[in-house]
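Visitor: Mind having a look at this structure? Questions to follow.
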């Protein structure tokens, strides 16, 4: 098979230009969707008949939790592409994913704990989801730790890529094992999202926020990846030209 | 110089033989992780109160956390010496499968740390108040679990090879990956101590076995990729 | 890093690379062995890219690096048994003959930790002879060696090359090789052409 197109797409100048053009098309819709979703979720949606206004934290919590897993997937895929076809831009993308993923995992954890206080009466419950996201946070930390421990960028990229792929195989197993562990040791805890008859005024804002958060991630990630490409290619001739045209 | 190329299985066993012989020349080194395991399990009754029922309830967790830490302690040195003295480089250029030679090292490592751990665990379990009829289950759980721990550790050791003060990083990489092994292993041990048998005890053991099989299939490839990157 | 380099090597020839420190001698050898990734360009062995079947190439190639790769806790003979045996079956007589060749007769059962740096280098040379490769990549083969030892390296390389082998030697102490079997690689682009082995 011919992979020339992949290498062309992955050439730093091409990526830099292309990503620079696409970022506004992600960032503005993301901002609008998040604003609309928050307005819908915090103002328009009715209070829950059981949980009152406390449930509204799901509008931040659920999209964050979803993102933390999706970002890990994107990171592992980018790492695999970089490892197999030796495309440096893919490694730059993987490197840019890690801090954002860790951030959203942290947000998911903290909002989960804040929600747990009124629901369970405690900030930390050994709920399988909370435990799983804590482990995921450690995966992100290990990834970033390995990256920063290796001085040579190429070696750091490749070693971190192996770790990301190993982690991607392991994450579902951890998820399964934590659920299994919990089902043995605990009575089923209060499910966070078991509202089968959620009215549209509640779930439409959630969908908007899902989409908004996802677009927000891609916008931030591409911006970071552009900066990462600039850092890595410093001294390259194309950078001067690219910076002059963008001004 | 004439001579027949060494077959892949023979090269595999040659590496195991070499690592075992090296270890037996320095018995102190591979006995240390077992001693560490024994000390950590001893700490639990000292830190808690040695009331038998309570100790028995804590035994599975104590055994597995101690096993995890002791295997982590040992795995740091899996590739270190061979990496420093150029042996890994010779392996990579030997015309043999690099993954297979490194897997041989991991197998030898398991013989030297996993098996002694599995043998020491029933004794430690007995000391923590486990009934004698549960010991075979404890042994089996540790034996299966230590396979996964060695294989996961091999990936971590490969990734941190050549990193100064990689010990803390190694634990950050390896421990999250070891969580499924810990969960299933501790559960199997708990069931064994509680006197379960048959299908009930078999379930977590099968899961441990499945993890070991998955590890044997994938981990050598990942470990070889990691070590090769560190040789670049 | 090294760039803009192109050369070919014939069977029965040795090539000495005598670039100054830091010019990339070791990197070049490691790249040629397939250990180091080459950013652009290609490496061919017997007319085929080595990356097509790296293991087949490694069967024909032996790399003698800075580190002698000896285990202090094993005897010299055990070291040779394991290090060379991973590649090629060699019996005890062959190992003793190789040790005799590098001037270590009678030391085969000594633990390797007692060896001096020069003696370790000699064991590495014995391993090289036992590995049975056609192409030798040698990184500072004469390091730590006395005058006698340096003559030994030259002799081993000459014999190997005259028997139809190839050798690439990165060194700051050029070996005394006859001009009819040896060339020197200039640091700039080399355009000389010759048929591969």
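Protein chains in written order, with our numbering: chain A, 19 to 265; chain B, 73 to 304; chain C, 634 to 830.
We put the beta carbon where it would ideally sit given N, CA and C, even for glycine.
Mind reading off the beta-carbon distance from residue 76 (chain A) to residue 224 (chain A)? Whole number of angstroms is fine, and I expect it under 8 Å.
Guide: Numbered from 1 along the first chain, position 58 holds the residue referred to as residue 76 (chain A). Numbered from 1 along the first chain, position 206 holds the residue referred to as residue 224 (chain A). Their Cβ separation, rounded to whole angstroms, is 7 Å, which keeps residue 76 (chain A) and residue 224 (chain A) in contact under 8 Å.
Visitor: Of the choices B:287, B:245, B:304, B:144, whose alpha-carbon is the least far from that of residue 175 (chain B)?
Guide: Indexing the second chain from 1 puts residue 175 (chain B) at position 103. Nearest option by C-alpha distance: B:287.
Visitor: Measuring only the C-alpha atoms, how far is residue 79 (chain B) from residue 113 (chain A)?
Guide: On the second chain, position 7 is the one that residue 79 (chain B) refers to. On the first chain, position 95 is the one that residue 113 (chain A) refers to. Between residue 79 (chain B) and residue 113 (chain A), the C-alpha separation is close to 41 Å.
Visitor: Can you have a look at residue 46 (chain A) and say buried or exposed, based on whether 16 or more other CB atoms are within 10 angstroms of its CB?
Guide: Residue numbering aside, residue 46 (chain A) sits at position 28 when the first chain is read from its first letter. Exposed, by the Cβ-count rule.
Visitor: With a threshold of 6 Å on Cβ separation, who are the neighbours of residue 731 (chain C) within its own chain once the five nearest residues in sequence on each side are excluded?
Guide: For the purposes of this step, residue 731 (chain C) is taken as residue 98 along the third chain, with counting starting at 1. Taken in chain order, the residues that qualify are 759, 762, 763.
Visitor: Look up residue 677 (chain C) in the DSSP assignment and say whether it is helix, strand or coil.
Guide: Taking the third chain and counting its residues from 1, one reaches residue 677 (chain C) at position 44. Correct three-state label for residue 677 (chain C): strand.
Visitor: Taking Cβ-Cβ distances shorter than 7 Å, what residues in chain B pair up with residue 704 (chain C)?
Guide: Counting from 1 along the third chain, the entry for residue 704 (chain C) is found at position 71. The contacting residues are 94.
Visitor: Would you say residue 215 (chain B) and residue 196 (chain B) are within 8 Å of each other, going by their C-beta atoms?
Guide: Numbered from its first residue, the second chain carries residue 215 (chain B) at position 143. Numbered from its first residue, the second chain carries residue 196 (chain B) at position 124. No. Outside cutoff.
Visitor: Among C:669, C:674, C:648, C:666, which one has its Cα closest to the Cα of residue 638 (chain C)?
Guide: Working through the third chain from its first residue, we reach residue 638 (chain C) at position 5. Of C:669, C:674, C:648, C:666, the residue nearest in Cα terms is C:674.
Visitor: Answer yes or no: does any C-beta atom of chain C fall closer than 8 Å to that of residue 238 (chain B)?
Guide: In the second chain, the residue the question calls residue 238 (chain B) occupies position 166. For residue 238 (chain B), the answer is no, since every Cβ of chain C falls outside 8 Å of its Cβ.
Visitor: Would residue 33 (chain A) pass as an interface residue toward chain B - the criterion being a Cβ-Cβ separation below 8 Å?
Guide: Here residue 33 (chain A) is taken as the residue at index 15 of the first chain, counted from 1. No, because no Cβ of chain B sits closer than 8 Å to the Cβ of residue 33 (chain A).
Visitor: For a quick check, are the C-beta atoms of residue 814 (chain C) and residue 681 (chain C) less than 8 Å apart?
Guide: As a working mapping, residue 814 (chain C) is identified with position 181 in the third chain. As a working mapping, residue 681 (chain C) is identified with position 48 in the third chain. No. Outside cutoff.
Visitor: Hey, how far is the Cα of residue 251 (chain B) from the Cα of residue 57 (chain A)?
Guide: Position 179 of the second chain, counting from 1, holds the residue named residue 251 (chain B). Position 39 of the first chain, counting from 1, holds the residue named residue 57 (chain A). Whole-angstrom Cα-Cα distance: 40 Å.
Visitor: Drop a sphere of 10 angstroms on the beta-carbon of residue 71 (chain A), count the other beta-carbons inside from all chains shown, and report buried for 16 or more, exposed for fewer.
Guide: Translated into positions along the first chain, residue 71 (chain A) becomes position 53. Looking at its Cβ environment, which holds fewer than 16 other Cβ atoms inside 10 Å, residue 71 (chain A) is exposed.
Visitor: Against residue 256 (chain A), what residues of chain B qualify as contacts under a CB-to-CB distance less than 8 Å, listed in chain order?
Guide: The residue labelled residue 256 (chain A) in the question sits at position 238 within the first chain. Neighbours of residue 256 (chain A) on chain B: none; closest Cβ ~26 Å, over 8 Å.
Visitor: Among B:169, B:227, B:168, which one has its Cα closest to the Cα of residue 151 (chain B)?
Guide: Sequence index remark: in the second chain, residue 151 (chain B) carries index 79 (1-based). Out of B:169, B:227, B:168, B:227 has the C-alpha closest to the C-alpha of residue 151 (chain B).
Visitor: So with CB distances below 8 Å, who are the chain C contacts of residue 166 (chain B)?
Guide: What you label residue 166 (chain B) is simply residue 94 of the second chain in a count that begins at 1. Those within 8 Å of residue 166 (chain B) in chain C are 691, 719, 720.
Visitor: Tell me whether residue 712 (chain C) is buried or exposed, calling it buried when 16 or more other Cβ atoms sit within 10 Å of its Cβ.
Guide: For the purposes of this step, residue 712 (chain C) is taken as the residue at position 79 of the third chain. By the 10 Å Cβ count, residue 712 (chain C) comes out buried.
Visitor: Could you pull out every residue in the same chain whose Cβ sits closer than 6 Å to the Cβ of residue 744 (chain C), ignoring the five residues on either side in sequence?
Guide: Reading the third chain from its first residue, position 111 is the one you call residue 744 (chain C). Result list for residue 744 (chain C): 708, in chain order.
Visitor: On the CB-based measure, 16 or more other CB atoms within 10 Å of its CB, does residue 718 (chain C) come out buried or exposed?
Guide: For this step, residue 718 (chain C) is matched to residue 85 along the third chain. Result: buried.
Visitor: Give the single residue among B:280, B:185, B:179, B:198 whose Cα lies nearest to the Cα of residue 141 (chain B).
Guide: Within the second chain, residue 141 (chain B) is the residue found at index 69, counting from 1. Minimum Cα distance to residue 141 (chain B) is reached at B:185.
Visitor: If you follow the beta strand (DSSP E) that residue 694 (chain C) is part of, which residue opens it and which one closes it?
Guide: Stepping through the third chain from its first residue, residue 694 (chain C) is reached at position 61. Note, residue 694 (chain C): beta strand (DSSP E), 694-697.
Visitor: Kindly indicate which three-state DSSP category residue 744 (chain C) falls into: helix, strand or coil?
Guide: Within the third chain, numbered from 1, the residue matching residue 744 (chain C) stands at position 111. In this structure, residue 744 (chain C) counts as strand in the three-state DSSP scheme.
Visitor: Against chain B, with Cβ distances strictly below 8 Å, would residue 104 (chain A) count as a contact?
Guide: Locating residue 104 (chain A) in the first chain gives position 86, where the first residue counts as 1. No, residue 104 (chain A) lies away from the interface with chain B (no Cβ there is under 8 Å from its Cβ).
Visitor: Under DSSP, the beta strand (DSSP E) around residue 650 (chain C) begins and ends at which residues?
Guide: One-based indexing of the third chain puts residue 650 (chain C) at position 17. Looking at the DSSP string, the run of the beta strand (DSSP E) that includes residue 650 (chain C) is 646-650.
Visitor: My output table needs one value for residue 166 (chain A): the three-state DSSP class, helix, strand or coil.
Guide: The count along the first chain starts at 1 and reaches residue 166 (chain A) at position 148. Looking at residue 166 (chain A) - three-state DSSP - the assignment turns out to be helix.
Visitor: In three-state DSSP terms, what is residue 757 (chain C)?
Guide: Residue numbering aside, residue 757 (chain C) sits at position 124 when the third chain is read from its first letter. In the structure shown, residue 757 (chain C) sits in a helix (DSSP, three-state: H, G or I).
Visitor: Quick check: the region 125-139 of chain A against the region 264-276 of chain B, are there 3 or more CB pairs under 8 Å?
Guide: Too few Cβ pairs lie closer than 8 Å, so no.
Visitor: Closer than 8 Å by beta-carbon distance: list the chain A residues that pair up with residue 98 (chain B), in chain order.
Guide: In the second chain, residue 98 (chain B) corresponds to position 26, counting from 1. None at all; the shortest Cβ gap to chain A is about 28 Å.
Visitor: My guess is that residue 38 (chain A) and residue 244 (chain A) are in contact by the Cβ rule of under 8 Å, so how many angstroms apart are they, rounded?
Guide: Looking up residue 38 (chain A) in the first chain gives position 20. Looking up residue 244 (chain A) in the first chain gives position 226. Residue 38 (chain A) to residue 244 (chain A), Cβ: 6 Å. Contact.
Visitor: Work out the CA separation of residue 788 (chain C) and residue 249 (chain B) for me, nearest whole Å.
Guide: Locating residue 249 (chain B) in the second chain gives position 177, counting from the first residue. Locating residue 788 (chain C) in the third chain gives position 155, counting from the first residue. Distance between the alpha carbons of residue 249 (chain B) and residue 788 (chain C): 53 Å.
Visitor: I'd like the list of long-range same chain contacts for residue 141 (chain A), defined as Cβ closer than 7 Å, with 5 residues on each side in sequence excluded.
Guide: Sequence index remark: in the first chain, residue 141 (chain A) carries index 123 (1-based). The answer, listed in chain order, is 131, 134, 135.
Visitor: Please list, in chain order, the chain B residues whose beta carbon lies closer than 7 Å to that of residue 157 (chain A).
Guide: Within the first chain, numbered from 1, the residue matching residue 157 (chain A) stands at position 139. 248, listed in chain order.
Visitor: Please decide whether residue 219 (chain B) counts as near chain C, where near means a Cβ-Cβ distance under 8 Å.
Guide: Looking up residue 219 (chain B) in the second chain gives position 147. No, because no Cβ of chain C sits closer than 8 Å to the Cβ of residue 219 (chain B).
Visitor: Would you say residue 667 (chain C) and residue 642 (chain C) are within 8 Å of each other, going by their C-beta atoms?
Guide: In the third chain, the residue the question calls residue 667 (chain C) occupies position 34. In the third chain, the residue the question calls residue 642 (chain C) occupies position 9. No, they are not a contact pair.
Visitor: Does the beta-carbon distance from residue 264 (chain B) to residue 193 (chain B) come in below 8 Å?
Guide: Here residue 264 (chain B) is taken as the residue at index 192 of the second chain, counted from 1. Here residue 193 (chain B) is taken as the residue at index 121 of the second chain, counted from 1. No; because the gap between Cβ atoms is not below 8 Å, this pair is not in contact.
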